[in-house]
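To start, the structure itself, in structure tokens.
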Amino acid sequence: MGTYLDEILDFHRRESRGDTRSLDALIEKAGEVKPPRGFNKALMSSPVNEMAVIAEIKKRSPSLGELVSDLIPSFVSQEYEKGGASALSVLTNNQYFGGSSMDLREARAACSLPILRKDFTVDLRDVCDTRIMEADAVLLIAAALDDHELKDFIALANELEIDALVEVHDEDEVERALVVGAQIIGVNQRDLQTFEVDTDRAVRIGKLLPSGVTKVAESGINSPEDIPKLHAASYRAVLVGEYLVQSENRAERVTGLRTAADR
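Quick note on numbering: the sequence shown equals residues 0 to 262 in numbering that gives the first Met the number 0.
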């Protein structure tokens, strides 16, 4: 039985097969975009006694449907920045998450934070598109890519001077990410088959990550009480979506997560 991820990836690979744009032309165009803001640098600049927060702009999800009606990316990005977020994550997938490249552009224009493009990267042209829409980092999901794709996509991201966040879910994917030289590794605590969250996954898998890697915990973070054990496990950042975007006081919630490490 297929999962949401299978369905989404099938859709994106079909779209990719129909894309006739020249990769060389896209690389040239991407090279003309103004310099990135430094996604990993922003995470590493967070005080050591705090948790860097990657605050997500997310309109809907395949499992929950609409999360926020009439979400305005520029307004939300400013709320997140006010709360002390280190970076943003913006969903640009329209088919399943209601996002767009315009959401990313609007969010970036309204704040000074670096932005991770949250989408399903399945082609080298997707990496170029990420830079062309002025994102500062690209998401690479290990479960969606083979080793050659991971290596090639990271190499192109480096060429375009943007960061790559490699998302893993288990021990095997950690090994694959390290072999291809991933510098930022996100541990997603959501099971790709059942979509259930295992809140111990990040701590368990995080032990396998060397000190030179920027460690990011993803999914299942629903309160400041979730932060201390992640901070103790040497996580530098958390990527948080629903808990923040659905709040009536997003800035306050960002601050609560950011300052909860020592509790």
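A virtual CB, placed ideally from N, CA and C, is assigned to each residue, including glycine.
- Put simply, the segment 81-89 touches the segment 105-124. At least three CB pairs are less than 8 Å apart.
- Beta-bridge analysis with DSSP links T213 to I183.
- Of the residues I56, E174 and E80, the one whose Cα lies closest to the Cα of D69 is I56.
- Taken in chain order, the complete beta strand (DSSP E) segments of 3 or more residues contained in the segment 27-85 are 51-56.
- Less than 8 Å divides the Cβ of L159 from the Cβ of A29.
- Residue pairing of K117 in beta bridges, as defined by DSSP: L90.
- Under the three-state reduction of DSSP output, E170 falls in the helix class.
- Here the alpha carbons of S60 and L229 stand approximately 25 Å from one another.
- Here G185 is near L164, since their CB atoms are less than 8 Å apart.
- Judged by DSSP in its simplified three-state form, A236 adopts strand.
- Ranking S73, D128 and D102 by CA distance to the CA of I26 puts D128 first.
- Within 10 angstroms of the beta-carbon of E78 lie 16 or more other beta-carbons, which makes it buried.
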